[in-house]
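Each remark here refers to the structure printed beneath this line.
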Amino acid sequence: EVHLVESGGGLVQPGRSLRLSCAASGFSFANHAMHWVRQAPGKGLEWVSGLSWNSGSIGYADSVKGRFTVSRDNAKNSLYLQMNSLRPEDTALYYCARDDAFDIWGQGTVVTVSS
Amino acid sequence: QAGLTQPPSVSKDLRQTATLTCTGNTNNVGFRGVAWLQQHQGHPPKLLSYRDNNRPSGVNRPSGVSERFSASRSGNTASLTITGLQPEDEADYYCLAWDTSHSAWVFGGGTKLNVL
């Protein structure tokens, strides 16, 4: 069965860093683009970042550009999001999603930025 | 970044038909259409309909999605039609498109569908 499992969320002070992980199973991870999408409490979905199967094409939302870095390790079937200089407005449930079809989603990991 | 416009809420009676809209421009909706996702409270989004160029073998809906859900597009406005509304259709619905002018994926603000 196809699965995505996010981890690494938590409570962090403004200005600090956090690294999220997304573990994939049940499909050929190396063949698919991957994305991070977040959802602030009570709000809608916001695309954060995405990268192609070979990391050759990477994109970021303006709201995180210069602070967040997406990466992947195809040998470990894993996607990562390094989040630096965190702000209170980064508080959200962070999902990883498969492919430019966004056809598979994880359950998400919660990031809370607060002093 | 530019977003897509969806009505905040739509209310329809049980067993009726609901049509949800998503309006953008030639750089996003008009480029290659939208994907539609459904999200029930406390759950991750679920893909209901592929964007124009993500359909395997011409099928618009992922496997397991009810035929009551159908997507269409006219110019820069995309629509999701849900026929024979059921209580379980009450959820938030989001459209998603690639925006060529911003080189970014953009979501609509979401529509909360109430089934009365």
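Residue numbers (the working numbering), protein chains in the order written: chain R, 1 to 115; chain L, 1 to 116. Every residue, glycine too, gets a C-beta built ideally from N, C-alpha and C.
### Burial state of residue 58(R) (16 or more Cβ within 10 Å)
Residue 58(R) sits at position 58 when you count from the first residue of the first sequence. Exposed is the call here.
#### Entry: Residues of its chain near residue 39(R), where Cβ-Cβ distance is below 6 Å and the 5 sequence neighbours each way are ignored
Walking along the first sequence from the start, residue 39(R) turns up at place 39. Closer than 6 Å at the Cβ level, and outside the excluded window around residue 39(R), lie 45, 92, 93.
### Task
Work out the CA separation of residue 114(R) and residue 14(R) for me, nearest whole Å.
As a working mapping, residue 14(R) is identified with position 14 in the first sequence. As a working mapping, residue 114(R) is identified with position 114 in the first sequence. Roughly 6 Å between the two C-alpha positions.
### Opening and closing residue of the beta strand (DSSP E) in which residue 98(R) lies
The sequence position of residue 98(R) within the first sequence is 98, counting from 1. Per DSSP, residue 98(R) belongs to the beta strand (DSSP E) from 92-98.
### chain L contact for residue 24(R) (CB, 8 Å cutoff)
Within the first sequence, numbered from 1, the residue matching residue 24(R) stands at position 24. So no, residue 24(R) is outside the interface.
### Query
Any idea what DSSP makes of residue 43(R), helix, strand or coil?
As a first step, residue 43(R) is located in the first sequence; it is residue number 43 there, counting from the start. Note: residue 43(R) maps to coil in three-state DSSP.
### Task
Could you work out which residues of chain R lie near residue 31(L), taking near to mean beta carbons separated by less than 9 Å?
Residue mapping note: residue 31(L) aligns to position 31 of the second sequence, counting from 1. Those do not exist, as residue 31(L) stays about 13 Å from chain R at its closest Cβ, beyond 9 Å.
### Query
Rounded to a whole number of angstroms, what is the C-alpha to C-alpha distance between residue 100(R) and residue 9(L)?
For this step, residue 100(R) is matched to residue 100 along the first sequence. For this step, residue 9(L) is matched to residue 9 along the second sequence. Approximately 27 Å between the Cα atoms of the pair.
### Query
So with Cβ pairs under 8 Å, would you call residue 117(L) a contact of chain R?
The displayed coordinates of chain L run from 1 to 116. Any statement about residue 117(L) would go beyond what the structure contains.
### Task
Could you tell me which chain L residues have their CB closer than 7 Å to the CB of residue 82(R), listed as they occur along the chain?
Here the question's residue 82(R) lines up with position 82 in the first sequence. None at all; the shortest Cβ gap to chain L is about 19 Å.
### Neighbour flag for residue 20(R) against chain L, beta carbons, 8 Å
Taking the first residue of the first sequence as 1, we reach residue 20(R) at position 20. Not an interface residue.
#### Entry: Span of the alpha helix (DSSP H), counted from its first residue to its last, around residue 29(L)
Taking the second sequence and counting its residues from 1, one reaches residue 29(L) at position 29. From DSSP, the alpha helix (DSSP H) with residue 29(L) extends over 29-32.
### Contact with chain R by residue 48(L), beta-carbon distance below 8 Å
On the second sequence, residue 48(L) is found 48 positions in, with the first residue counted as 1. With 8 Å as the cut-off, residue 48(L) does not count as an interface residue toward chain R.
### Contacting residues, own chain, Cβ-Cβ under 8 Å from residue 26(R) (five flanking each side not counted)
Along the first sequence, read from residue 1 onward, the residue named residue 26(R) stands at position 26. The beta carbon of residue 26(R) lies closer than 8 Å to those of 1, 2, 3 in the same chain, with the five residues before and after it left out.
### Message
If the cut-off is 7 Å on Cβ atoms, which residues from the segment 88-101 of chain R count as contacting chain L, listed in chain order?
### Response
Listed by position, the residues of the segment 88-101 of chain R near chain L (Cβ gap below 7 Å) are 95, 100, 101.
### Task
Taking 8 Å as the threshold, find out whether the segment 18-36 of chain R comes into contact with the segment 18-27 of chain L through three or more Cβ pairs.
no
### Message
Please give me, in chain order, every unbroken run of the alpha helix (DSSP H) with length at least 4 that falls completely inside the segment 25-107 of chain L.
### Response
29-32
### Query
Under a CB-based cut-off of 8 Å, is residue 133(R) close to chain L?
Residue numbering for chain R in the displayed model covers 1 to 115; residue 133(R) lies beyond these limits and cannot be assessed.
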